[in-house]
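Offset between the sequence shown (1-based) and the numbering used here: plus 540.
The C-beta atom is built at its ideal place from N, Cα and C for all residues, glycine as well.
Notes follow once the structure below has been shown.
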Amino acid sequence: MVKRLLIDCGWIVSVDPAIGDLKDAKILIVDDKIVEIGVNIEVEADESIDASDLIVMPGLINAHLHTWQTGTKSIGSEWISPDYHKNMHSNMATRFTAEDTYLGNVMGALNQIDNGTTTILDWCHNLRDLEMAERAIDGLEESGIRAVFGHGTAKPPAG
541 MVKRLLIDCG WIVSVDPAIG DLKDAKILIV DDKIVEIGVN IEVEADESID ASDLIVMPGL
601 INAHLHTWQT GTKSIGSEWI SPDYHKNMHS NMATRFTAED TYLGNVMGAL NQIDNGTTTI
661 LDWCHNLRDL EMAERAIDGL EESGIRAVFG HGTAKPPAG
């Protein structure tokens, strides 16, 4: 069955020179595919979204993210690279479990979605074993974000 979704937009920032930016326009989506963008779309829709007071644009891409570190993002803003490696990788990261990595990835990916990012490259550079890698991937999958999982440098097993 064909599903039609119509989004009533305040402003469309298309990032496409052929379409341009449009005020008071609509987006027609049929079966999860954008089929029309314009100001004069008149169709019967199965569902509609009123975004008339919003800016609508394509999702953003974050091409470099250490999602597992979401819970530490306010720590170390004054560090320089040697401080980061000493304090994060040689200290804090060694205390992370597979479940901590999973939670960081779920929360981090949801935070990205909330801020308009729909695709990330997660450079996960705190993996000590297969379980940590699998839980990191689980977190990304469960968040619903589009993600590329970048297996970063392996760490020695906790011990």
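In the structure shown, Asp590 adopts extended strand secondary structure according to DSSP, grouped into three states. Secondary structure of Gly692 (DSSP, three-state): coil. Rounded to the nearest angstrom, the Cβ distance from Ala676 to Asn655 is 20 Å, too far for a contact under 8 Å. According to the DSSP assignment, Glu576 belongs to the beta strand (DSSP E) that extends over Lys573 to Gly578. One Cα belongs to Lys573, the other to Asp669, and the distance between them is close to 39 Å. Going by DSSP, Arg635 is part of no beta strand (DSSP E) at all; its letter is neither H nor E.
Its chain contains Leu568 as the residues whose beta carbon lies nearer than 6 Å to that of Val575, once the 5 sequence neighbours on both sides are disregarded; these appear in chain order.
For Gly684, no alpha helix (DSSP H) run applies, since DSSP gives it neither H nor E.
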